[in-house]
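Peer 1:
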Amino acid sequence: MLRLNRGTRIALAVVTLVVLGFMYIPLFVIIMNSFNSGRVAGWPIPGFSLEWWGKALVNPAVHAALLNSVIVALVATAFALLLGTLAAFALQRFRFFGQHTVNLLIVLPITLPGIVTGVALSNTFHQVLKPMGISVGYWGMIIAHATFCVVMVFNNVIARLRRMNPNLEEASMDLGAGIGQTFRLVTFPQFRSAFIAGGLLAFALSFDEIVVTIFTAPPGVETLPLWIMNQMARPNEVNQVNVVATVMILLSLIPVYFSQKASAAGDAK
Numbered sequence: 001m002l003r004l005n006r007g008t009r010i011a012l013a014v015v016t017l018v019v020l021g022f023m024y025i026p027l028f029v030i031i032m033n034s035f036n037s038g039r040v041a042g043w044p045i046p047g048f049s050l051e052w053w054g055k056a057l058v059n060p061a062v063h064a065a066l067l068n069s070v071i072v073a074l075v076a077t078a079f080a081l082l083l084g085t086l087a088a089f090a091l092q093r094f095r096f097f098g099q100h101t102v103n104l105l106i107v108l109p110i111t112l113p114g115i116v117t118g119v120a121l122s123n124t125f126h127q128v129l130k131p132m133g134i135s136v137g138y139w140g141m142i143i144a145h146a147t148f149c150v151v152m153v154f155n156n157v158i159a160r161l162r163r164m165n166p167n168l169e170e171a172s173m174d175l176g177a178g179i180g181q182t183f184r185l186v187t188f189p190q191f192r193s194a195f196i197a198g199g200l201l202a203f204a205l206s207f208d209e210i211v212v213t214i215f216t217a218p219p220g221v222e223t224l225p226l227w228i229m230n231q232m233a234r235p236n237e238v239n240q241v242n243v244v245a246t247v248m249i250l251l252s253l254i255p256v257y258f259s260q261k262a263s264a265a266g267d268a269k
């Protein structure tokens, strides 16, 4: 076991505190400003008030944006779970010409800058599909989110498949179980935690997406991150944004927590 001297431990502790402070102090400022009694966000806050919480929680624009974010994230995650899992099985269980190229193409959307993906999809929707009489509308935004959500599921599932013991499936088939029964009772339980973790990460990624959404959202439709960005140009509304951001910070902990828990459970098996 590696042992560090006292000076090194102190230096690591200081660096850790600086990094954590750099990451979390701005979040603390947002949370505190959600209780700001003043009309304009600032620091330090002049006093505490629940006025902005009351306004934000009954704001119909917030409700509509939240609903859009949840719908888009849920449907995009559903597509990602299906396509990402099928792609992971195809690339792990079979050998075919161009396999590495297909693997690269699946992972590529998450490595591209969001603005590149957004511009490419926007051009496709408006300059290629629309002249052909195909209007993607709301579904275009969902498809755009699904393109990078697939990667989250794919990476989690294929990593688990590579560690699975194929002998268990062969034993199940030898004992008379069909393909469906073997998948349900033997295969799926082995990668279930990775499947759930990938789905939770995909949902969180879609829910938080802003750049691709700017280019693919139909007119008049706002997701929650898009609503936040638009409200930042209105100083008198910034404290409502701080309330929504505080709620999002708290809600973001849920998928991350369960994703980590699912991954840890799978690694323990």
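End of the sequence shown = 269 in full-length UniProt numbering, gap-free, step of one.
Built from N, CA and C at the ideal position, the CB exists for glycine as well.
Owing to the predicted nature of the structure, the values given are computational and were not obtained by experimental measurement.
Do Val212 and His145 have their C-beta atoms closer together than 9 Å?
Peer 2: Their beta carbons are under 9 Å apart, which means Val212 touches His145 by this criterion.
Peer 1: Tell me which residue opens and which closes the alpha helix (DSSP H) that Asn167 is part of.
Peer 2: It spans 166 to 174 - the alpha helix (DSSP H) in which Asn167 sits, taken as one unbroken run.
Peer 1: Tell me the start and end of each unbroken beta strand (DSSP E) in the region 30 to 100 that is at least 3 residues and wholly inside, in chain order.
Peer 2: With a minimum length of 3 residues, no continuous beta strand (DSSP E) run stays inside the region 30 to 100.
Peer 1: Output yes or no for whether 9 Å exceeds the beta carbon distance between Pro225 and Glu209.
Peer 2: Yes, the pair counts as a contact, with Cβ atoms nearer than the cut-off.
Peer 1: When you compare the region 154 to 171 with the region 126 to 137, are there three or more beta-carbon pairs, one atom per stretch, that lie closer than 8 Å?
Peer 2: At 8 Å Cβ cutoff, the stretches do not touch.
Peer 1: Tell me which residue opens and which closes the alpha helix (DSSP H) that Thr117 is part of.
Peer 2: Here the alpha helix (DSSP H) through Thr117 covers 114 to 123.
Peer 1: Classify Gly178 as helix, strand or coil using the three-state DSSP reduction.
Peer 2: Three-state DSSP puts Gly178 in coil, outside helix and strand.
Peer 1: Between which two residues does the alpha helix (DSSP H) carrying Pro189 extend?
Peer 2: Run containing Pro189: 188 to 208, per the alpha helix (DSSP H) assignment.
Peer 1: According to the neighbour-count rule (16 or more other Cβ atoms, all chains shown, within 10 Å of its Cβ), is Met141 buried or exposed?
Peer 2: Label assigned to Met141: buried.
Peer 1: Measure the Cβ-Cβ separation of Ser34 and Gly47 and say whether it is below 9 Å.
Peer 2: Contact: no.
Peer 1: Alpha carbon to alpha carbon, how far is Phe215 from Ile106?
Peer 2: Phe215 and Ile106: Cα-Cα distance of roughly 21 Å.
Peer 1: Within this structure, are the beta carbons of Ile31 and Thr246 separated by less than 9 Å?
Peer 2: Yes, they are a contact pair.
Peer 1: Excluding the 5 residues flanking Asn236 on each side, which residues of the same chain have their C-beta closer than 8 Å to its C-beta?
Peer 2: So the list reads Arg39, Val40, once near-sequence residues are dropped.
Peer 1: Beta-carbon within less than 7 Å of Phe207's beta-carbon, same chain only, minus the 5 sequence neighbours each way: which residues are those?
Peer 2: Within the same chain, Phe207 has close Cβ partners Ser69, Ala73.
Peer 1: Identify whether Asn5 lies in helix, strand or coil by the three-state DSSP scheme.
Peer 2: Note: Asn5 maps to coil in three-state DSSP.
Peer 1: With Lys55 and Gln240 assumed to form a contact (beta carbons below 8 Å), what rounded beta-carbon distance in angstroms separates them?
Peer 2: That pair is a contact at about 6 Å.
Peer 1: Please state whether DSSP places Arg160 in a helix, a strand or coil.
Peer 2: In this structure, Arg160 counts as helix in the three-state DSSP scheme.
Peer 1: Along the alpha helix (DSSP H) that carries Pro219, what are the first and last residues, could you check?
Peer 2: No alpha helix (DSSP H) contains Pro219, which DSSP labels as neither H nor E.
Peer 1: Can you give the Cα-Cα distance for Leu66 and Gly180, rounded to whole angstroms?
Peer 2: When rounded, the distance between both Cα atoms is 38 Å.
Peer 1: If you draw a straight line from the alpha carbon of His63 to that of Thr223, how long is it in whole angstroms?
Peer 2: In a straight line, the C-alpha of His63 is about 10 Å away from that of Thr223.
Peer 1: Do Val151 and Leu195 have their beta-carbon atoms positioned less than 9 Å apart in this structure?
Peer 2: The amino acid occupying residue 195 in the given sequence is Phe; Leu does not appear at that position. Not a contact, by the Cβ cut-off of 9 Å.
Peer 1: Tell me whether Arg184 sits in a helix, a strand or coil according to DSSP, three-state version.
Peer 2: Reduced to three states, the DSSP call for Arg184 is helix.
Peer 1: Between the alpha carbons of Gly7 and Leu200, how many angstroms are there, rounded?
Peer 2: Those two C-alpha atoms are separated by around 40 Å.
Peer 1: With distances taken from CA atoms, which of Ala204, Val136, Gly198 is nearest residue 289?
Peer 2: Since the first and last residues shown for the chain are 1 and 269, residue 289 lies out of range.
Peer 1: Out of curiosity, what's the CA-to-CA distance linking Leu108 and Ala171?
Peer 2: If I take the Cα positions, the gap works out to 37 Å.
Peer 1: Taking just the CA atoms, how far does Ala78 sit from Pro189?
Peer 2: Those two C-alpha atoms are separated by around 19 Å.
Peer 1: Answer yes or no: do Phe148 and Ile110 have a C-beta to C-beta separation smaller than 9 Å?
Peer 2: In contact: Phe148 and Ile110 (Cβ atoms closer than 9 Å).
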